[in-house]
Structures are given as structure tokens and as C-alpha cells.
Amino acid sequence: MNICGKEQIRRALESDDNIVIYGAGMIAGHVYHCLSAEPFCCSISAFMVSEKKEGIHELYGTPVIDVHEGNKYKDNAVILIAVMDMYYEEIVRTLQEEGFKNYVSMTFESKLWEEVRAVYAEELWRRGNRKYLPLKVALQQKQSGDGIHIYRACSHMDKPLHTDLSEYDWEIPIQVGAALTQARICPVCDDYGENISGRNQEYCELTALYWIWKNDVSKYAGLCHYRRHFELDKEMIGQIAESDIDVVLTVPIFNFPDVRSTYVHDHIEEDWNVMMKAIADLAPDYCETARAVQDGVFYYAYNMFIARREILNDYSEWLFPILAYCEGNCSGRDSSISRECRDSYQRRYIGFLAERLMSIYFLHHEKEYRIVHAGKRFLT
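The following block contains the structure:
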């Protein structure tokens, strides 16, 4: 079976499977160098050719093998066909005749090779202190120069809604976890520009927040969900953009006897402890507020908020390093809870912790910011 597209190649690159490049010419060399470097850092097991030339046993220190010698790669490898497009069908026939099932088109004109190059270029530009800006991001920024943008986080895994969303046509749908699927359900996707789209399974809607932080330039920006929406209308949105309001939060959630014990009941205690340690290590000025939220009876849920640009930026600069600390320690080598031990719900722990962190951040600044509360509507 031919596998192709971002989801499969990402799975292949992140799995324990071998990666074999079919071809030994210039295109194969380009593919090898891109995938071997940051941000991919892949280990290529071999170059495969239809017929090995005499005296050629390796390329870039990697073995070159004849397709007839590749039995050990039939079941546990992904073959990247890195040749000129005119040779693709012939190579596919050869692979099929030899019993290979997992192969991906990485030909010169293929969309996947273009996507790999774009990711590599973005990293290359970053290392040179330059910004690689895709057209779609540039066009979005052109539209985002002022006013207020509230993004609606959507996933290709979302269940269908029976509610008409036309009254929320002022929201901007953004597909989260777009890097993990070929499906496209929104005009804006969180895998363009600087992003952490591939970590959506842990970060949930926060991959959208990261994208907004790095790619949107509106005066105000906010985040809601495909089911959960602020009880606002177009007129109110316009008024917020012209007001002295700094932050809009939803009505708080109440936990009894306290926030921490309720979190521990529903989630994993170790994660909470790591979060508190992260605050102590990375943001010690927030420790007192963190303890107040921990021992208090309310927090702000859903990672939903609207804020002025400079506040959103400051919050994101504070939040994501703490989440990275938690990600590295909650399921790391020294953790008692491995990533494999988490079910699909508890794997979203970064998103759960971020709700409490959002509460800590905004409560810490409640005397500085003019914070208001809006209702939330849950759609079915």
C-alpha cells in the first residue's frame, strides 16, 4: 500500500521504523541532507537503487543497497522515492514486485518534498536570524493589522455540531493539530509559520494560541473552541477593540474543597507537583499566587481569553517555557508516568495544566490589568 502525505511521513519520521531513500542521485542527496539536519534530525538507514553500480557501496557514509537485497526493510521501513518524477511509476512497480508496501513519493515535483523543503528553509532562515514567511501567513497578517481577532480552535476529529454557527461568523476558525493530518477543515491552520502544531495531542488548543502569538498581529486577540464560544456579538467585539479593557475571561469554575485536590482527583498528582516546581524554578515571583490558586476554590477554564496584543505576548512568553518544563518532566525519563501510560484523555495534561497556569498569570496581574468576564456558550 502506498502511503503519502504529511501525517504518514511525520509518523514515519517519529517512529522506530527505518527510513530508506530510494535513489542515489542529486535529489536523493538533497532529501538526505534536509532530513538529516534540523528540525528533522532523521537517521537514514540506507539508500536503495534498482541496480547498484559496481564499486559504490555507500553514500554520505550510508549503505547503498540493491532493491533485491532489501528484504529486511520490507516490513519495518518507509521507502522515500527521491528521484525525478518520470521514474516514479517504474520504481513503484519494482517495489511492488519485490513485496514492498510502505513507500512515499518524495520526487522532485511532489508536494511532500516541497513541504519538507519549506520546513527546512524555515529552520535555516531562523538560524540566520531571518524570518521565513509563507504567503498564507503574510496574507493573514495583512488582514490582522488592527482590530480584534478571536480564533475558534477546530480539529478534524471534532464531532459534528447541530447548532448553526452563523451568529459566530466574526470568529476565525483555525485548525489545530493540522500537522498531524492531511485533512483541511479551516482556511487558517496552525502548522503555517512558526508553530508547535505537531504537539497538539498534549497541548490541545494551545497550539492555536502559540500560532496566534507568533503569527497574528491584531490589536486584540483571543481564543475559543468549536463547542465553547464567548457570549459576544459583532457590536460588542467592536466595542472591546475601542475600549480600555485589557483582558476578557470566562466565568470561573469553582472547585471544592480546593483547586489542587480537585485536579488530583481528575488527573495525575505528579503533573501538578511538576507544574508547581516549574513555577518555582522559572517564575518564582508567581509562587505566592500559584499557592493561592492551588488552595483556592476557583480557576479560569478552557484556555479561553481575549487580551491586548502586548498582554497576550507577555502571557505566552511566560506560559510556554513553563509548559515545556512540564512536558520534559511529567513524562520524562525520571517520571513515574510515561507517555505510553497515559490514555487519550490524560495525554492532554499540558492543556489541563495550562488552564490553571492561565488563572495564576491573570490573578497575579489583576491589579495591573482591567479584567472583565464574559459568559460562555456550549454548543451541541
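Note that numbering that gives the first Met the number 0 numbers the sequence shown so that position 273 is 272, with each residue one more than the last.
Note that the Cβ used here is the ideal one computed from N, Cα and C, for glycine as well.
Here the C-alpha atom of Pro-62 lies approximately 16 Å from the C-alpha atom of Lys-73. Assigned with DSSP and collapsed to three states, Pro-320 falls in helix.
Trp-124 sits exposed, since fewer than 16 C-beta atoms from the chains shown fall within 10 Å of its C-beta. One Cα belongs to His-224, the other to Gln-174, and the distance between them is close to 11 Å. The region 153-162 makes no contact with the region 71-90; the number of CB pairs closer than 8 Å stays below 3. Secondary structure note for Gly-221: its beta strand (DSSP E) is the uninterrupted segment 219-224. Where Thr-162 is concerned, there is no enclosing alpha helix (DSSP H), because DSSP gives it neither an H nor an E. Within 10 angstroms of the beta-carbon of Thr-206 lie 16 or more other beta-carbons, which makes it buried. With fewer than 16 other CB atoms across the displayed protein chains lying within 10 angstroms of its CB, His-161 is exposed. The Cβ atoms of Ser-44 and Ile-18 sit closer than 9 Å to each other. For Gln-293, the closest C-alpha among the options Lys-213, Arg-259 and Met-274 is that of Arg-259. Burial is judged here by how many other beta carbons sit within 10 angstroms of a residue's own beta carbon; Glu-57 has fewer than 16 and is exposed. Put simply, of Gln-181, Trp-212 and Gly-176 the residue whose alpha carbon is nearest the alpha carbon of Arg-198 is Gly-176. For the pair Ala-27 and Leu-179, the Cα-to-Cα distance works out to about 25 Å. Non-local beta-carbon contacts of Met-274 in its own chain, meaning distances under 6 Å to residues more than five positions away in sequence, involve Cys-325 and Leu-352 in chain order.
Here Leu-58 is bridged, per DSSP, to Thr-61.
In the DSSP assignment, the residues bridged to Thr-249 are Ala-373.
Under DSSP, Cys-153 takes part in a beta bridge, and its partners are Gln-174. Between the alpha carbons of Gln-200 and Arg-92 lies a distance of about 37 Å. Taking a contact to require three or more Cβ pairs closer than 8 Å, the region 179-190 and the region 239-254 do not qualify as touching. Scanning the region 97-134 for uninterrupted alpha helix (DSSP H) segments of 4 residues or longer gives 110-126, listed from N- to C-terminal end. Beta bridge pairing from DSSP links Phe-229 with Lys-375.
A distance below 6 Å between beta-carbons, with the five flanking residues on each side excluded, links Lys-233 to the following residues of its chain, in chain order: Trp-169. Residue Val-296 holds the alpha-carbon nearest to the alpha-carbon of Asp-257 among Pro-283, Ala-282, Cys-286 and Val-296. For the set Tyr-87, Ala-76 and Tyr-86, the Cα lying nearest the Cα of Phe-99 is the one of Ala-76. By the beta-carbon neighbour count (other beta carbons within 10 angstroms, threshold 16), Asp-284 is exposed. Exclusion of the five residues before and after Ile-195 leaves Thr-206 and Tyr-209 as the residues of its chain whose Cβ lies within less than 6 Å of its Cβ. Here the alpha carbon of Leu-111 sits roughly 14 Å from the alpha carbon of Tyr-31. Between Leu-222 and Phe-304 a beta carbon distance of about 7 Å is seen, short of the 8 Å cut, so the two are scored as contacting. Non-local beta-carbon contacts of Cys-41 in its own chain, meaning distances under 7 Å to residues more than five positions away in sequence, involve Leu-12, Ile-18, Leu-34 and Ser-35 in chain order. Counting only residues of its own chain and dropping the five nearest sequence neighbours on each side, Tyr-119 has a CB closer than 6 Å to the CB of Cys-33.
Residue nearest to Asn-101 within the set Ile-370, Lys-158, Tyr-21 and Ile-147 is Tyr-21 (criterion: CA-CA distance).
In the three-state reduction of the DSSP assignment, Asn-70 falls in the helix class, which pools H, G and I.
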